[in-house]
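Chemist: Here my numbering is used: the first residue of the sequence shown is 33, the next is one more, and so on.
Just dropping this structure here.
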Amino acid sequence: MIAVVVLTPLLAWAAFPPSPLPEAAYLLATPGLWWALRRPRWKPFLIGQWLAWTITWFTLLIWLHYVTWVGLVLLASFLGLISSLWFAAARAIAPKTGEVPTEETSPGNLKSLGIPVLGSGGFGGVATMFGLAGLWVLLEWLRSWIFTGFPWLPLAASQWQRPIMLGLAPITGAWGVSFVLILVNIGLVSHFERLRIPREEGRGWFSIEIVVAMLALMLGSFALARDFLAQKRQPWARVGIVQPYIPQNLKWDESQARNVVLILERETAKVAALQPDFLLWPEAATPWVLTDKGDVRMWLERIARDSRVPLLAGVVALDKGPVDQEEWFNAAVVVDPENGVQKERYAKRHLVPWGEYIPLRSVFGWLDKFVPIGGDFQKGKSAAPLTISTNNGPRNVGLLICYEDVFPDLARADTLAGAEVLVNITNNAWYGEGAAAYQHAAHSVLRAAENRRPLVRCGNGGWSGWIDEYGTIRETLLDDRGSVYFRGGEVVSVSRDTKWVGRESFYTRNGDWFVGACALLVLLTLGTKVRLRPRKESK
Numbered sequence: 033m034i035a036v037v038v039l040t041p042l043l044a045w046a047a048f049p050p051s052p053l054p055e056a057a058y059l060l061a062t063p064g065l066w067w068a069l070r071r072p073r074w075k076p077f078l079i080g081q082w083l084a085w086t087i088t089w090f091t092l093l094i095w096l097h098y099v100t101w102v103g104l105v106l107l108a109s110f111l112g113l114i115s116s117l118w119f120a121a122a123r124a125i126a127p128k129t130g131e132v133p134t135e136e137t138s139p140g141n142l143k144s145l146g147i148p149v150l151g152s153g154g155f156g157g158v159a160t161m162f163g164l165a166g167l168w169v170l171l172e173w174l175r176s177w178i179f180t181g182f183p184w185l186p187l188a189a190s191q192w193q194r195p196i197m198l199g200l201a202p203i204t205g206a207w208g209v210s211f212v213l214i215l216v217n218i219g220l221v222s223h224f225e226r227l228r229i230p231r232e233e234g235r236g237w238f239s240i241e242i243v244v245a246m247l248a249l250m251l252g253s254f255a256l257a258r259d260f261l262a263q264k265r266q267p268w269a270r271v272g273i274v275q276p277y278i279p280q281n282l283k284w285d286e287s288q289a290r291n292v293v294l295i296l297e298r299e300t301a302k303v304a305a306l307q308p309d310f311l312l313w314p315e316a317a318t319p320w321v322l323t324d325k326g327d328v329r330m331w332l333e334r335i336a337r338d339s340r341v342p343l344l345a346g347v348v349a350l351d352k353g354p355v356d357q358e359e360w361f362n363a364a365v366v367v368d369p370e371n372g373v374q375k376e377r378y379a380k381r382h383l384v385p386w387g388e389y390i391p392l393r394s395v396f397g398w399l400d401k402f403v404p405i406g407g408d409f410q411k412g413k414s415a416a417p418l419t420i421s422t423n424n425g426p427r428n429v430g431l432l433i434c435y436e437d438v439f440p441d442l443a444r445a446d447t448l449a450g451a452e453v454l455v456n457i458t459n460n461a462w463y464g465e466g467a468a469a470y471q472h473a474a475h476s477v478l479r480a481a482e483n484r485r486p487l488v489r490c491g492n493g494g495w496s497g498w499i500d501e502y503g504t505i506r507e508t509l510l511d512d513r514g515s516v517y518f519r520g521g522e523v524v525s526v527s528r529d530t531k532w533v534g535r536e537s538f539y540t541r542n543g544d545w546f547v548g549a550c551a552l553l554v555l556l557t558l559g560t561k562v563r564l565r566p567r568k569e570s571k
């Protein structure tokens, strides 16, 4: 137990951003799987796995303590429970100690499907291996919607700096990348477990599980690299990214509003002088609320007019709803130098519970004070892109505000609605200068690769830059120290591969079909296990 509790968090820390060792993801599950094959007693096994993964999630999400220690502990415990369920399934499937799986006794073997088994070890065959990998994907998918969804750091996110490993993303979504990575974990454990079998009982260097895992790894990455290697790029736009880095404790302090305005004006003027096609501000950049009429609107229009460049700005917008009720939106607007604030705007579709609205307000309404605006934001409904009129023609951008880039369906909806390029504006200043911004950016890499659309990010204090349609990080805004956390800005030249202009990926067209395939694999594995279970002899 101690080895699992220690090694699992260490491997996770090494695998996920900002660590530069994504290959650790190939080993992340191996300590827990190795323990499962020992078939320990259930109680210590379940407690040990839950403890190991709770510590793992606590370590990965430690930046959340800047907002809430209690929330960090509760969330880590809940995610640890979900992760430990997968190892419980592995423990249930594991052969009995000392049992050498054969074609007849292996639960989930390929012979039951009419395919000969060339060799097996560990968890008892390739079909069981695929079933476990499918279950991993289902649990990742479960996290994307349960309790409004928190699909943070799927296993695929570990490969955010390895675009060659994202070859499956435009076909299966990031789910397929996670599937292959966990297959490698299972294959390695199964292979080395087979090496422990005494030679007279059938030990051999050949293991079908490791062969299948390596084939999946190669087919899911290098075999799909032809598009990645043969690119023909064309310019799309020069985007001026403004990173004001307003401390969170000052952002909504009315006494500091004037200083915030001066910072925005100064940094915007510097970037505008570099003559971008349009300027980009982060989420909720303005210190005041945008209304149909008022000083904020005139101020934004003056900035665009003085800059002579269109501005795409994150704002908090206030509308008058039915019966003069106020409706608040976390939104983005386009400000044209000649025509002012455009009528069309984007409103955030997936709101943060407890931060942007109170779930079950009739029960938890007393928590109102934790919502910055003192009330609930309204949810946006449209994925329609915003059109920016540049000197080189109109540019259609699909918006993702804050952690909306964590949800695959939102970026997919943007692409289906006609987005040429995806844009994520965010404010990670809530979470200090730790891993949060890097982990967040990793999800943008996945969304770009899935939909074959470049993605531009603008953070209040970082991570800002752009990612091409293959998940390659083309440019990152850094200061003289090499840090993403700084006040400033830069113009990035965004380009597109011509083969994907006006074309949608298989994943964009068909969505989470692979999740359904994984569910089928799990059902087949369960059905095969039950069918092959030895019957008790009648007395």
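Think of the CB as a built atom: it goes at the ideal place given N, C-alpha and C, for glycine as much as any other residue.
Compute the Euclidean distance between the alpha carbons of aspartate 511 and aspartate 327, then round it to the nearest angstrom.
Modeler: In the sequence shown, the residue the question calls residue 511 occupies position 479. In the sequence shown, the residue the question calls residue 327 occupies position 295. Going by the C-alpha atoms only, they are around 33 Å apart.
Chemist: Which residue marks the beginning of the alpha helix (DSSP H) containing isoleucine 196, and which one marks its end?
Modeler: Your numbering for residue 196 matches position 164 in the sequence shown. Taken as a continuous stretch (DSSP letters only), isoleucine 196 belongs to no alpha helix (DSSP H), as it is neither H nor E.
Chemist: Glutamine 191 lies in the alpha helix (DSSP H); which residues open and close that run?
Modeler: Along the sequence shown, read from residue 1 onward, the residue named residue 191 stands at position 159. Run containing glutamine 191: none; DSSP gives neither H nor E here.
Chemist: Measure from the alpha carbon of lysine 180 to the alpha carbon of each residue in Ala549, Arg479, Ile214 and Glu436, then state which is nearest.
Modeler: Residue numbering aside, residue 180 sits at position 148 when the sequence shown is read from its first letter. Before going on, a small fix: residue 180 reads as threonine here, not lysine. Looking at the Cα atoms, Glu436 is the closest of the given residues.
Chemist: In the DSSP assignment, the alpha helix (DSSP H) including serine 476 goes from what residue to what residue?
Modeler: To locate residue 476, count along the sequence shown from 1; it is residue 444. 468-483 is the span of the alpha helix (DSSP H), which, as asked, contains serine 476.
Chemist: Ends of the alpha helix (DSSP H) at asparagine 2?
Modeler: Lying before the first or after the last residue shown, residue 2 is absent from the chain, which here runs from 33 to 571.
Chemist: Would leucine 92 and leucine 104 be called neighbours here (beta carbons separated by less than 8 Å)?
Modeler: As a working mapping, residue 92 is identified with position 60 in the sequence shown. As a working mapping, residue 104 is identified with position 72 in the sequence shown. Contact flag unset, no.
Chemist: Residues in the same chain with beta-carbon distance under 6 Å from tryptophan 67, minus the five sequence neighbours each way, listed in chain order, please.
Modeler: One-based indexing of the sequence shown puts residue 67 at position 35. So the list reads Val36, once near-sequence residues are dropped.
Chemist: Along the chain, which unbroken stretches of the alpha helix (DSSP H) at least 4 residues long are found entirely within the region 270-297?
Modeler: Runs of the alpha helix (DSSP H) inside the region 270-297: 280-283.
Chemist: With 16 other CB atoms within 10 Å as the buried threshold, where does leucine 552 fall?
Modeler: Start at 1 with the first residue of the sequence shown, and residue 552 comes out as number 520. The residue in question, leucine 552, is exposed, as its Cβ has fewer than 16 Cβ neighbours within 10 Å.
Chemist: Please give the ranges of any alpha helix (DSSP H) in the region 77-111, keeping only runs that are unbroken, at least 4 residues long and fully inside the region.
Modeler: Segments of the alpha helix (DSSP H) lying fully in the region 77-111: there are none.
Chemist: Grab the span of the beta strand (DSSP E) containing serine 339 for me, first residue to last.
Modeler: Within the sequence shown, the letter at position 307 stands for residue 339. Premise fails: serine 339 lies in the alpha helix (DSSP H), 327-339, not in any beta strand (DSSP E).
Chemist: Aspartate 529: which of Pro385, Phe260 and Leu198 sits nearest, CA to CA?
Modeler: Working through the sequence shown from its first residue, we reach residue 529 at position 497. Looking at the Cα atoms, Phe260 is the closest of the given residues.
Chemist: Since valine 366 and glutamine 374 should fall inside the 8 Å C-beta cutoff, what is the C-beta to C-beta distance between them, to a whole number of angstroms?
Modeler: As a first step, residue 366 must be located in the sequence shown, where it is residue number 334. As a first step, residue 374 must be located in the sequence shown, where it is residue number 342. 4 Å between Cβ atoms; contact.
Chemist: Can you tell me the Cβ-Cβ gap for valine 347 and threonine 318, rounded? I've got them flagged as a contact below 8 Å.
Modeler: Locating residue 347 in the sequence shown gives position 315, counting from the first residue. Locating residue 318 in the sequence shown gives position 286, counting from the first residue. About 5 Å; that satisfies the 8 Å criterion.
Chemist: Within 8 Å, do at least three Cβ pairs link the region 213-223 to the region 57-65?
Modeler: Contact holds: three or more Cβ-Cβ distances are below 8 Å.
Chemist: Run the CB neighbour count on tryptophan 177, radius 10 Å, all protein chains shown included, and call it buried at 16 or more, exposed below.
Modeler: As a first step, residue 177 is located in the sequence shown; it is residue number 145 there, counting from the start. Classification for tryptophan 177: exposed.
Chemist: Can you list, in chain order, the residues of its chain whose CB lies under 6 Å from that of asparagine 450, leaving out five sequence neighbours each side?
Modeler: Position 418 of the sequence shown, counting from 1, holds the residue named residue 450. With the sequence shown as reference, residue 450 is identified as glycine, and asparagine is not the correct amino acid for it. Only Pro417 and Asn428 meet the Cβ criterion.
Chemist: Identify the continuous alpha helix (DSSP H) that holds tryptophan 360 and give its terminal residues.
Modeler: Numbered from 1 along the sequence shown, position 328 holds the residue referred to as residue 360. Premise fails: tryptophan 360 lies in the beta strand (DSSP E), 358-368, not in any alpha helix (DSSP H).
Chemist: Taking the continuous alpha helix (DSSP H) assigned at arginine 444, which residues delimit it?
Modeler: Taking the sequence shown and counting its residues from 1, the one referred to as residue 444 is at position 412. Unbroken alpha helix (DSSP H) run through arginine 444: 440-448.
Chemist: Run through DSSP, which three-state label would tryptophan 498 get?
Modeler: As a working note, residue 498 is residue 466 in the sequence shown. Correct three-state label for tryptophan 498: strand.
Chemist: Could you tell me which residues DSSP puts in a beta bridge with tyrosine 389?
Modeler: The residue labelled residue 389 in the question sits at position 357 within the sequence shown. For tyrosine 389, which the question treats as bridged, DSSP gives the partners Pro385.
Chemist: Output the distance between the C-alpha atoms of leucine 60 and valine 102, rounded to the nearest integer angstrom.
Modeler: Along the sequence shown, one-based indexing puts residue 60 at 28. Along the sequence shown, one-based indexing puts residue 102 at 70. Their Cα atoms are separated by approximately 27 Å.
Chemist: Pair every Cβ in the region 184-194 with every Cβ in the region 470-479, then say whether three or more of these pairs are closer than 8 Å.
Modeler: Judged by Cβ distances under 8 Å, the region 184-194 makes contact with the region 470-479, as three or more pairs qualify.
Chemist: Rank Ala165, Thr88 and Ala122 by C-alpha distance to the C-alpha of tryptophan 74 and give the top, closest one.
Modeler: In the sequence shown, residue 74 corresponds to position 42, counting from 1. Among Ala165, Thr88 and Ala122, the Cα nearest to that of tryptophan 74 belongs to Ala122.
Chemist: With a threshold of 8 Å, are at least 3 pairs of Cβ atoms found where one atom belongs to the region 429-448 and the other to the region 496-511?
Modeler: At 8 Å Cβ cutoff, the stretches do not touch.
Chemist: Measuring CB to CB, does glutamate 315 end up less than 8 Å from isoleucine 433?
Modeler: For this step, residue 315 is matched to residue 283 along the sequence shown. For this step, residue 433 is matched to residue 401 along the sequence shown. Yes, the Cβ-Cβ distance between glutamate 315 and isoleucine 433 is below 8 Å.
Chemist: Of the choices His382, Ala469 and Gly163, whose alpha-carbon is the least far from that of leucine 431?
Modeler: Here residue 431 is taken as the residue at index 399 of the sequence shown, counted from 1. With distances taken between Cα atoms, leucine 431 lies closest to His382.
Chemist: DSSP state of serine 138, grouped into three classes?
Modeler: The sequence position of residue 138 within the sequence shown is 106, counting from 1. Reliability of the predicted coordinates at serine 138 is poor, the pLDDT of 45 falling under 50, and no value is obtained from them.
Chemist: For threonine 62, name the three-state secondary structure that DSSP assigns.
Modeler: Stepping through the sequence shown from its first residue, residue 62 is reached at position 30. DSSP places threonine 62 in helix when its eight states are reduced to three.
Chemist: Going by beta carbon distance, what residues of the same chain come within less than 8 Å of serine 515, once the five residues before and after it are set aside?
Modeler: Counting from one through the sequence shown, the residue named residue 515 turns up at place 483. Counting only Cβ-Cβ distances below 8 Å, and skipping sequence neighbours, we find Glu465 and Gly494.
Chemist: Classify asparagine 492: buried if its beta carbon has 16 or more other beta carbons within 10 angstroms, exposed otherwise.
Modeler: Position 460 of the sequence shown holds residue 492. By the neighbour-count rule (16 or more Cβ atoms within 10 Å), asparagine 492 is buried.
Chemist: Would you identify the three-state DSSP class for alanine 305, choosing helix, strand or coil?
Modeler: Working through the sequence shown from its first residue, we reach residue 305 at position 273. Of the three classes helix, strand and coil, the one that applies to alanine 305 here is coil, per DSSP.
Chemist: Using 10 angstroms around the beta-carbon of aspartate 338, count the other beta-carbons present and answer buried if the total reaches 16, otherwise exposed.
Modeler: Residue 338 sits at position 306 when you count from the first residue of the sequence shown. Exposed.
Chemist: Tell me which residues share the same chain as arginine 340 and place their Cβ nearer than 7 Å to its Cβ, disregarding the 5 neighbours each side in the sequence.
Modeler: Position 308 of the sequence shown, counted from the start, is the residue given in the question as residue 340. For arginine 340, where only same-chain residues beyond five positions count, the Cβ hits under 7 Å are Pro369.
Chemist: Isoleucine 457: which of Leu344, Gln471 and Val292 sits nearest, CA to CA?
Modeler: The sequence position of residue 457 within the sequence shown is 425, counting from 1. Of the listed residues, the one whose Cα sits closest to isoleucine 457 is Leu344.
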